[in-house]
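Okay, so here's the structure we're looking at.
Residue numbers (our numbering): 76 to 668.
Quick look at the structure:
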């Protein structure tokens, strides 16, 4: 901690996918810059989840360099989740922890050996904590665990409401809408059910309005995957800047801890890309009639399979108790199914999803299309057959199948409404499921396309990749109106104030976010810094130039003419600009070749 100079406070929502992504995002940031440290505040879930509680308890005891975890106290009588108003009651539950966040941060600040708290990083369900951050006079940043296209959908719906359009009438129509973050018309049938209610719409409007108070938005995606969506968001000057920082994944499962499990040992004996893996997320489960149809489909397809079959909670489709495992899955499967498929398949409960997707025997993935699951399948180059269930998963499925051509469809608009236990669910028949399984296992063109995207996803987070650079831009340039300069070169001259006489050429690169707004901002910043100085100042001289990428994919660069300046002049302006970031100026170094 001695080298850390800036402390960020992360507050994730208590959900498995959200917490894991948030922790991995924290790791990425501290690994990117050794002058950052992070404290993650953990909120215990309002529902019963043994696996999530165990994971959170393990985090609280975990030693990760420059990342610490604090479990927030639990109220004796916390707000109850209301099945008639699940979004509102869940948001109220999160906000009830504001007082605990306030106390923890106040204690952090009061310690004489503590690092200065420079910002909050919040889940979208935690944007109410922006008010707490404001009390401490620090900025807030929002980390979205969903994708850029869906974020654009929220902005689109907000705009319709502002224009007094009847969103419910539009959403319930059997039509299509042109949403800026999608290139193709989006059918209303894939809109999330929750936003077709007044309660859900009110939550959307509130959360988007709070996000406008943030200084920046981080999205768990990467430019090569959602090129159009990211560029569309970058052009929206009415909103905080958006940074694609993904794929942010928890890959600990492939480190070896699952290698001795029965299912992994079984996969070791199967041919490459021969097994279809079915898994529907932490809340994904089916009633017996649908389970039987899936079983018939698997048997008729003839493909090897691993099926994560979860038992619905005793309370039915409820937020309060998550699905569990069957003691005997045979009670809901067709008679004799387990015996007939004993050599070709495995029916399991909870699945180590990352370990299975990483295994070379797995060649297809039937998924609920949670965004984390999509990113994991792309990372490992495993094509997906879509079976969305709740939240934004129908839109994820549409984006993967129709917009990007990176998946095949079992269904795009299947909806398992976890917020309304009384809903009757449509049944997808075995023939339709079998067709999807065959297509995902046999479409070689799709497989090659997914493998190519796998390479891009890995390149994005390596040094020089799109997300790696975006994270650097976020750290050094976290507001749309002010920029710091990121020095790219080989040797450090010294830390400011610089007294060494520099005679070499200094290249100053602005890590500009892709988009017209960012190009304009970059030019304006440089012009402001350099305008007081004439080209006759040459003792010694420095050439400053800015490669700003107008379009990464067409290769067009906008490079202004070099401007020569005195070393002292450019040093003073770099230092002045650096004061407006959360990294103190004495630790901003200047590099030259």
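Where is the CB? At the ideal position from N, CA and C, for every residue including glycine.
Close Cβ partners of residue i (< 7 Å) along its chain, the five nearest in sequence each way excluded
| i | result |
| --- | --- |
| residue 167 | 154 |
| residue 260 | 251, 252 and 253 |
| residue 326 | 429 |
| residue 349 | 379, 436 and 438 |
| residue 376 | 509, 512 and 513 |
| residue 345 | 379 and 436 |
| residue 611 | Note that residue 611 scores 44 on pLDDT, short of 50, meaning its location in the model is unreliable and no value can be drawn from it. |
| residue 455 | 432, 433 and 529 |
| residue 239 | none |
Three-state secondary structure (DSSP) of residue i
| i | result |
| --- | --- |
| residue 141 | coil |
| residue 442 | strand |
| residue 400 | strand |
| residue 377 | coil |
| residue 280 | helix |
| residue 628 | Its pLDDT being 29, under 50, residue 628 is placed unreliably by the model, and nothing is read from it. |
| residue 580 | The predicted model places residue 580 with a pLDDT of 36, which falls under 50 and marks its position as unreliable; any figure quoted below should be read in that light. Coil. |
| residue 199 | helix |
| residue 548 | helix |
| residue 357 | coil |
| residue 302 | helix |
| residue 367 | helix |
| residue 81 | strand |
| residue 291 | strand |
| residue 147 | coil |
| residue 420 | strand |
| residue 194 | strand |
| residue 211 | coil |
| residue 602 | Caution is warranted here: a pLDDT of 48 is assigned to residue 602, below 50, making its placement in the model unreliable, and no coordinate value can be reported. |
| residue 406 | helix |
| residue 316 | coil |
| residue 61 | Outside the displayed span of the chain (76 to 668) sits residue 61, for which this structure offers no information. |
Anticipated Cβ contact below 8 Å, residue i with residue j, distance rounded
| i | j | result |
| --- | --- | --- |
| residue 92 | residue 445 | 6 Å |
| residue 172 | residue 147 | 5 Å |
| residue 285 | residue 338 | That pair is no contact at about 42 Å. |
| residue 165 | residue 200 | 7 Å |
| residue 297 | residue 542 | 5 Å |
| residue 384 | residue 359 | 10 Å between Cβ atoms; not a contact. |
| residue 544 | residue 319 | Incorrect: roughly 10 Å between the Cβ atoms, too far for contact. |
| residue 162 | residue 275 | 6 Å |
| residue 265 | residue 488 | 5 Å |
Minimum C-alpha distance to residue i - residue among the options
| i | options | result |
| --- | --- | --- |
| residue 229 | 459, 420 and 257 | 257 |
| residue 378 | 361, 352, 400 and 366 | 352 |
| residue 479 | 449, 401 and 326 | 449 |
| residue 472 | 225, 287 and 101 | 225 |
| residue 272 | 232, 107, 297 and 507 | 232 |
| residue 255 | 235, 545, 384 and 152 | 235 |
| residue 94 | 162, 283, 186 and 196 | 196 |
| residue 114 | 266, 469 and 102 | 102 |
| residue 409 | 159, 314 and 373 | 373 |
| residue 244 | 221, 270, 223 and 108 | 270 |
| residue 267 | 237, 470, 242 and 176 | 470 |
| residue 419 | 370, 458, 462 and 174 | 370 |
| residue 119 | 149, 175, 290 and 144 | 149 |
| residue 176 | 160, 292, 209 and 188 | 209 |
| residue 357 | 398, 317 and 324 | 398 |
| residue 551 | 221, 220, 291 and 280 | 291 |
| residue 523 | 463, 507, 476 and 458 | 458 |
| residue 305 | 117, 221 and 277 | 221 |
| residue 293 | 100, 504, 336 and 537 | 100 |
| residue 278 | 160, 295, 174 and 187 | 160 |
Other residues of its chain near residue i: CB distance less than 8 Å, five sequence neighbours each side excluded
| i | result |
| --- | --- |
| residue 453 | 300, 322, 481, 525, 528, 529 and 532 |
| residue 502 | 364, 365 and 368 |
| residue 180 | 84, 192, 207 and 211 |
| residue 347 | 435, 436 and 438 |
| residue 362 | 387 and 500 |
| residue 415 | 374 |
| residue 405 | 412 and 413 |
Own chain partners of residue i with C-beta closer than 6 Å, once the 5 adjacent residues on each side are dropped
| i | result |
| --- | --- |
| residue 460 | 441, 483, 485, 511 and 515 |
| residue 247 | none |
| residue 205 | 215, 285 and 288 |
| residue 401 | 386 |
| residue 90 | none |
| residue 341 | 421 |
| residue 426 | 354 and 383 |
Quick check for students: name the residue ranges of the beta strand (DSSP E) that lie wholly in the region 452-517, counting only runs of 3 or more. Correct list: 459-461 and 482-484.
| said: Give the list of continuous alpha helix (DSSP H) stretches no shorter than 4 residues that lie fully inside the region 232-261. | reply: The region 232-261 contains these whole alpha helix (DSSP H) runs: 242-246.
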